[in-house]
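Below is one structure, written out as structure tokens; the observations come after it.
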Amino acid sequence: MTRAISIVRETEYGPEKLCTVCREWWPADTGFFGVRHDRGCRLTGRCRACDSQRKRRQHRAKKDRDLPAKAAQLAQLGIAETARRLRRSPHTLYRVARAHGIEFARQHKQRQEASIVPHIRRHAGRMRQIDLAAQLGISRTTLRRLAKQHSININSRAH
Numbered sequence: 281m282t283r284a285i286s287i288v289r290e291t292e293y294g295p296e297k298l299c300t301v302c303r304e305w306w307p308a309d310t311g312f313f314g315v316r317h318d319r320g321c322r323l324t325g326r327c328r329a330c331d332s333q334r335k336r337r338q339h340r341a342k343k344d345r346d347l348p349a350k351a352a353q354l355a356q357l358g359i360a361e362t363a364r365r366l367r368r369s370p371h372t373l374y375r376v377a378r379a380h381g382i383e384f385a386r387q388h389k390q391r392q393e394a395s396i397v398p399h400i401r402r403h404a405g406r407m408r409q410i411d412l413a414a415q416l417g418i419s420r421t422t423l424r425r426l427a428k429q430h431s432i433n434i435n436s437r438a439h
């Protein structure tokens, strides 16, 4: 086990100690350095600011470790609800989903609808909207939305 050497210097304002992380000189007192009670109440090597950052990073890393499993459990609720429940941004959840192969409800629905588009394109000029929607098992509104998204002209006057 390696041990960091504590560097202390005497100044006109009193003793100062070097932080082992940020390499800044701080007054050698408990206001700037933590205390190790297990080692005879000595000051720690990291200043309080660096120690706080380290704890924050560790906490964030633990939360990120659990995030893919939690996101996968809530994926059927959709991205917005999952983000709300996990208190993370949708951007973060999309990044995690891409990395771990998680598919949210909206993405799943869009992929299913994209598989219908060739059928819509094939029958668009020959069938009425209502008949085409019934054949594909979707609503007329969904049919019109998909046609508009994929620039398909639906002939609603076909007989």
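Position 33 (the sequence shown) corresponds to 313 in the working numbering; numbering is contiguous.
Even glycine gets a Cβ: it sits at the ideal position worked out from N, Cα and C.
From a predicted model like this one, the values you see are computed outputs, not experimental measurements.
Does residue i come out as helix, strand or coil in the three-state DSSP assignment?
| i | result |
| --- | --- |
| residue 327 | strand |
| residue 296 | strand |
| residue 376 | helix |
| residue 439 | Low confidence applies here, because residue 439 scores a pLDDT of 49, under 50, leaving its location unreliable and the question unanswered by this model. |
| residue 397 | helix |
| residue 303 | coil |
| residue 334 | helix |
| residue 368 | coil |
| residue 408 | coil |
Just how far apart, CA to CA, sit residue i and residue j?
| i | j | result |
| --- | --- | --- |
| residue 344 | residue 382 | 15 Å |
| residue 384 | residue 357 | 8 Å |
| residue 355 | residue 387 | 10 Å |
| residue 365 | residue 373 | 12 Å |
| residue 296 | residue 309 | 8 Å |
| residue 252 | residue 391 | The chain is shown from 281 up to 439; residue 252 falls before or after that span and cannot be answered. |
| residue 291 | residue 311 | 17 Å |
| residue 404 | residue 371 | 36 Å |
| residue 375 | residue 293 | 50 Å |
| residue 432 | residue 341 | 47 Å |
| residue 348 | residue 338 | 17 Å |
| residue 331 | residue 353 | 34 Å |
| residue 378 | residue 402 | 32 Å |
| residue 335 | residue 389 | 40 Å |
| residue 424 | residue 410 | 10 Å |
| residue 398 | residue 416 | 11 Å |
Who are the Cβ neighbours of residue i in its own chain at under 6 Å, not counting the five residues just before and after it?
| i | result |
| --- | --- |
| residue 322 | 316 |
| residue 439 | Because the pLDDT at residue 439 is just 49, under 50, the model does not fix this residue reliably, and the value given afterwards should be weighed accordingly. Result list for residue 439: empty, nothing under 6 Å. |
Near residue i, what residues of its chain come up, given a Cβ to Cβ distance below 8 Å and the 5 sequence neighbours on each side ignored?
| i | result |
| --- | --- |
| residue 288 | 295, 296, 297, 298 and 308 |
| residue 419 | 413 |
| residue 361 | 354 |
Along the beta strand (DSSP E) that carries residue i, what are the first and last residues, could you check?
| i | result |
| --- | --- |
| residue 290 | 288–291 |
Checking contacts by CB at 8 Å: is residue i closer than that to chain C?
| i | result |
| --- | --- |
| residue 301 | The structure shown has no chain C; it contains just one protein chain. |
Suppose the cutoff is 7 Å on Cβ atoms and the five residues either side in sequence are ignored; what does the same chain contact list for residue i look like?
| i | result |
| --- | --- |
| residue 369 | 363 |
How far does the alpha helix (DSSP H) with residue i in it extend, from its first residue to its last?
| i | result |
| --- | --- |
| residue 355 | No alpha helix (DSSP H) contains residue 355, which DSSP labels as neither H nor E. |
| residue 427 | 420–429 |
Cβ of residue i within 7 Å of any heavy atom in the ligand COA?
| i | result |
| --- | --- |
| residue 326 | Ligands are entirely absent from the displayed structure, and the ligand COA is therefore not among its contents. |
TODO: Flag this pair as touching only if the stretch 284–303 and the stretch 316–335 have three or more C-beta atom pairs under 8 Å; answer yes or no.
DONE: yes
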